[in-house]
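Notes follow the structure.
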Amino acid sequence: MKMLLRCALAAAVIAAAAPSIAAARPGAPQHGPGHGPDHGAQAPAKKPAPNAHNGQHNAYGQWNKAWGAKPPAPPKHWTKKGDWYRHVRVCQQKYRSYNARTDTYRTSAGKPRRCTL
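The numbering used here puts the sequence shown at residues 69 to 185.
Below you can see the structure in the form of structure tokens.
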């Protein structure tokens with residue numbers, strides 16, 4: 069047990085020290101004013117980072133194209149419209165027979181049930 073704790077502590081120390089070691093390394097690129105070929109010129113503005121989920125935002129929430137085809141609009145019983153896509157994704161992962169058009173899945177007995185996740 070003590071050995072495991074020592075290894076975990078050593079890994080944490082190494083991980084915390086890695087950025088400072090890389091910055092102090094000779095030949096490492098220097099960032100900031102007065103460094104580099106343009107000596108202090110403003111760096112071009114970076115584009116915002118792409119969404120982590122590569123998703124599409126709209127009134128129903130965010131849908132990731134990697135999850136498959138975007139589901140249809142929610143059924144009339146669904147009231148939390150900004151949360152629809154999250155609900156669909158969770159139901160898809162839990163129930164293989166989930167149908168987003170009706171917001172139902174089939175039980176092992178074949179009966180349709182509404183997904184309440």
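Positions of the beta carbon are idealized from the N, C-alpha and C atoms, including for glycine. All figures in this text were calculated on a predicted structure; none of them were measured in a lab.
Environment of R164 [buried if 16+ CB atoms lie within 10 Å]: Looking up residue 164 in the sequence shown gives position 96. With a threshold of 16 other beta carbon atoms within 10 Å, R164 falls short and is exposed.
Cut-off 6 Å between Cβ atoms - residues of its own chain near V158, not counting five sequence neighbours on either side: Within the sequence shown, numbered from 1, the residue matching residue 158 stands at position 90. Closer than 6 Å at Cβ, skipping near neighbours: L185.
Close Cβ partners of H121 (< 7 Å) along its chain, the five nearest in sequence each way excluded: Looking up residue 121 in the sequence shown gives position 53. Its pLDDT being 48, under 50, H121 is placed unreliably by the model, and the measurement read from it follows with that caveat. Cβ neighbours of H121 beyond the five flanking positions: Q130 and N132.
Reference N126; option with closest CA among R182, A134, Q160 and R154: Here the question's residue 126 lines up with position 58 in the sequence shown. Here the closest residue by C-alpha is R154.
Backbone CA spacing between R182 and A134 [nearest angstrom]: Counted from its first residue, the sequence shown places residue 182 at position 114. Counted from its first residue, the sequence shown places residue 134 at position 66. Each residue's Cα considered, the two are about 25 Å apart.
Beta-carbon proximity list for A177, same chain, < 8 Å, skipping 5 on both sides: Mapped onto the sequence shown, residue 177 falls at position 109. Counting only Cβ-Cβ distances below 8 Å, and skipping sequence neighbours, we find nothing.
Three-state class that DSSP yields for Y163 in the structure shown: Position 95 of the sequence shown, counted from the start, is the residue given in the question as residue 163. DSSP places Y163 in the coil class of the three-state scheme, outside both helix and strand.
R157 (DSSP reduced to helix, strand or coil): One-based indexing of the sequence shown puts residue 157 at position 89. In the structure shown, the three-state DSSP call for R157 is helix.
P18 burial status per 10 Å Cβ neighbour count (16 or more: buried): Absent from the model: residue 18. The displayed extent of the chain is 69 to 185, so no value can be given.
Neighbourhood of Q160 by C-beta distance below 6 Å, restricted to the same chain and skipping five residues each side: Within the sequence shown, residue 160 is the residue found at index 92, counting from 1. Closer than 6 Å at Cβ, skipping near neighbours: Y166.
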